[in-house]
Ligand code: PHE
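Numbering (the numbering used here), first residue to last: 255 to 587.
What follows is the structure, given as structure tokens:
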């Protein structure tokens, strides 16, 4: 039996071998059965021999089984697992860069106690223009190339109508931030789309001035783009603010005010980046919503989101943000 052992390479083969020699019909068992037919004097010697062979065989089988088990364990342990191998990650979606930028701005204002309000994308011309001190036939209406759905209803060309809605619904003081979609009759190119996003903010309380506006905007730019951002106002005109200013922040690409670079692709070498419009709420607007301009003052701004998202992600064509190429969105996430 021992001669056949090395061929039993697994435990099934070993069991078959055991049955072949030691099982009920096994070769050793059969030899043992013939002992009874031997002459009496030979029986003890024959019995002892067969017992010795059986015991030796059992011991050899047990020994062989132990070594088979050891080999199995050894080969299991020697299968090396590369713990540095990159796992297969599930495919997940991501927040669109426009939404992410909008949420970051809104979060900044929420942290500072501003209420978030959302308004309709189809607005009345009264909310969009008249109440904002832009009467019918005023040339400023042309600046908001609008898309009318009815003679008195339009896709809102800016988020400023929400100033009117909120002030009419609430007495002062108030502080709101209102993000959303806006629409203008622009033809599409690398910098324009007929649908875009703005975030508008408005605060009304006794004694507010341009310093408050600049402080809040500076804080927002630093939270969004980095602690070295600075802010500049350029005199401008909006019928609903007086004084009015365009808001620029130092170019985050070349850190404009610190070391402007003529070759900077983000700002084209100017060192500044345009954010949007702002100013002190015009007394006529305060009167239009029933506020007393002698008792309270307010500041407001409206900034474009696409431009900010483009700068944050190094995109130089606004259309990339609307084509929803998942390969690009994945990269931006
Ligand atoms: N509504 C203006 C625009 O879309 C921006 C603005 C908002 C200006 C608030 C002043 C105050 O151009």
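Idealized CB from N, CA, C, for every residue including glycine.
Note that the structure is predicted; figures quoted are calculated from it, not measured.
The DSSP-derived three-state label of residue 525 is coil.
If you ignore the 5 residues before and after residue 335, its C-beta comes within less than 8 Å of no other C-beta in its own chain. If you check the C-beta of residue 380 against the ligand PHE, you find no heavy atom less than 7 Å away. Restricting attention to beta strand (DSSP E) runs no shorter than 3 residues, the region 383-448 encloses them at 401-404, 407-409, 428-437, ordered along the chain. The distance from the Cβ of residue 536 to that of residue 494 is about 5 Å, consistent with a contact at the 8 Å cut-off. Burial is judged here by how many other beta carbons sit within 10 angstroms of a residue's own beta carbon; residue 504 has at least 16 and is buried.
Closest by C-alpha distance to residue 447, out of 454, 437, 456, is 437.
Residue 524 and residue 452 have their alpha carbons spaced roughly 23 Å apart.
Distance between residue 385 and residue 379, taken at the CA atoms: about 9 Å. Residue 339 and residue 345 have their alpha carbons spaced roughly 18 Å apart. If you check the C-beta of residue 551 against the ligand PHE, you find no heavy atom less than 7 Å away. A contact is defined here as three or more CB-CB pairs under 8 Å, and the region 321-335 fails this definition with respect to the region 299-312. Scanning its chain for C-beta atoms nearer than 6 Å, with the 5 sequence neighbours on each side dropped, one finds around residue 281 the residues 275, in chain order. Following the DSSP letters along the chain, one finds residue 358 inside the alpha helix (DSSP H) bounded by residues 351-365.
Relative to residue 439, the option among 433, 430, 449 whose CA is nearest is 449.
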